[in-house]
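Just so you know, my numbering puts 123 at position 105 of the sequence shown, and the rest follows in order with no gaps.
Idealized CB from N, CA, C, for every residue including glycine.
These numbers were taken from a predicted model, which means no experiment stands behind them.
Scroll down for the structure; my scribbles are underneath it.
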Amino acid sequence: MGDLTIENFFKQVNTGQDVSSPGQAPVIDNILVKLVNVTLSRAVMTLAGTLEVQEPIIEPISARCDLKRAVGYTQLAGCTSNRELLALEADVLLDSVLLNIGQKDLATILAVWSDNLSEANYIGSIVPSSPVETAPTDVSVKKLQAFLAQGEAIRKEAVLRCV
19 MGDLTIENFF
29 KQVNTGQDVS
39 SPGQAPVIDN
49 ILVKLVNVTL
59 SRAVMTLAGT
69 LEVQEPIIEP
79 ISARCDLKRA
89 VGYTQLAGCT
99 SNRELLALEA
109 DVLLDSVLLN
119 IGQKDLATIL
129 AVWSDNLSEA
139 NYIGSIVPSS
149 PVETAPTDVS
159 VKKLQAFLAQ
169 GEAIRKEAVL
179 RCV
């Protein structure tokens, strides 16, 4: 099992603009998720119906996630003072994982994995079932789109860091 802790709070970002307009200040929804002391153990069910833990398969691990989401991002994205503001930012930290598995465990895992993959439907094998045909792309429209997009600054909207 393990312990799960979730915290959620909101904070206003100080952008250096006029304080008289608090409605325009960006608000960040910050979600902190902590999962600590997670273990997975091999167990045997006795004839009496109780579980007897034999040995741990995964030693205690911890994971932490700090998720920051800009509230009202579509309105804030156009403002020049909010250019560094991201729609979503996630920092994930996972401690090292120690597995205690034997040859039989590994054989079982690989057998289940290969069985699952053999039943999978891949995107390439799925035939679109839409009765509507896609319109052929016009070369002049593509050139116009490329021309109009030249002056746009590239804007990052999401960052995901895993450690």
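With the rule of 3 Cβ pairs closer than 8 Å, the region 105–112 counts as touching the region 67–86. In terms of CA proximity to T23, N55 leads the group A108, A43, E137 and N55. Residue state for V110 is assigned as strand, using DSSP reduced to three classes.
Apart from sequence neighbours up to five positions away, the residues of its chain that approach L85 with a beta-carbon distance below 6 Å are I49 and A108, ordered along the chain. P44 and G67 have their C-alpha atoms spaced approximately 56 Å apart. Around the beta carbon of A88, 16 or more other beta carbons lie within 10 angstroms, which makes this residue buried. By alpha-carbon distance to V71, the top candidate from L65, T64 and R60 is R60. Taking all protein chains in view, the Cβ of L103 is crowded by 16 or more other Cβ atoms within 10 Å, so the residue is classified as buried. Look at A129 here: in three-state DSSP terms it is helix. One thing to note: I46 has its Cβ within 7 Å of the Cβ of V31. Rounded to the nearest whole angstrom, the C-alpha separation of R179 and A125 is 33 Å.
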